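Start counting the sequence shown at 1; every next residue gets the next number (UniProt numbering). Below you'll find the structure, written out as structure tokens, and then a few comments.
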Amino acid sequence: MLRDTPPNLEHESELFKQGFDYVVGMDEVGRGCLAGPVVVGATILPKEFKGFVCDVPINDSKKLTNNKRRRVNEAITDQAVTATGHATASEIDTYGITWATHTAALRALEELEGICAESTFVLTDNRLLSKELGFPFAYDSILKGDSSSIAI
1 MLRDTPPNLE
11 HESELFKQGF
21 DYVVGMDEVG
31 RGCLAGPVVV
41 GATILPKEFK
51 GFVCDVPIND
61 SKKLTNNKRR
71 RVNEAITDQA
81 VTATGHATAS
91 EIDTYGITWA
101 THTAALRALE
111 ELEGICAEST
121 FVLTDNRLLS
131 KELGFPFAYD
141 SILKGDSSSI
151 AI
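Structure (structure tokens):
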């Protein structure tokens, strides 16, 4: 039986070694819903980041109880800069879920002040961004990234 290993800093550490000053992790909620908005959360980690101090192992939020999810959220927002971007149900209906998710990601990045494309790398959970729509930052989409990358 495989053990469920919590996310770590392996991806982020490699990017910092490559010379990036910041790593932004992004994940979405709402992509598979029948109605409502899509929301993308972004967390920016600086090069000196060594890990979150939290009494609950940080993992994919779908794997946590409500109480543990609240405690993890408090630890993350206390120790990192976070932002969210939204696309409305109307935008999803008009432009499609791929465009809406991509746009919500761009909106989340706009909320993160002080980052520039030259020194920042973005890690996303799989299928969050569309190559066809363009993206102003270097990025990588990781299959099940929310279970392997602490930033995501």
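Even for Gly, the Cβ is constructed at its ideal location relative to N, Cα and C. Only a predicted model underlies this, so the values are computations on that prediction, with no experimental measurement involved.
Segment limits, beta strand (DSSP E) that includes residue i
i	result
residue 217	Past the boundaries of the shown model lies residue 217; the chain is included only from 1 to 152, so the question cannot be answered.
L45	38 to 46
L15	Element bounds for L15: not the beta strand (DSSP E) but the alpha helix (DSSP H), 10 to 17.
Proximity below 8 angstroms, CB of residue i to CB of residue j
i	j	result
G85	A100	no
I97	V38	yes
F20	S149	no
G36	A117	no
A108	A75	no
L15	G51	no
S147	N126	no
R69	S61	yes
Buried or exposed by the 16-neighbour rule on C-beta atoms within 10 Å, applied to residue i
i	result
V53	exposed
C-alpha distance - residue i paired with residue j, whole-angstrom precision
i	j	result
L143	T124	9 angstroms
D27	E132	19 angstroms
L106	F135	8 angstroms
I152	P46	14 angstroms
E12	N73	20 angstroms
T65	D55	14 angstroms
Residue i Cβ short of 7 angstroms to the ligand FAD heavy atom set
i	result
G25	This structure lacks the ligand FAD; in fact it carries no ligand of any kind.
Same chain only: Cβ atoms within 7 angstroms of residue i, ignoring 5 sequence neighbours per side
i	result
L2	Note on L2: pLDDT 47, under 50, position unreliable in the model; the coordinate value appears next. If we look at L2 and ignore the five residues flanking it on each side, it has no Cβ neighbours.
P57	P6
I44	Y22, V24, A80, V81, L112, I115
Residues near residue i by beta carbon distance below 8 angstroms, same chain, minus five either side
i	result
Y139	F121, V122, L123, T124, L129
F137	V24, L109, A117, T120, F121, V122
Terminal residues of the alpha helix (DSSP H) in which residue i lies
i	result
A104	97 to 111
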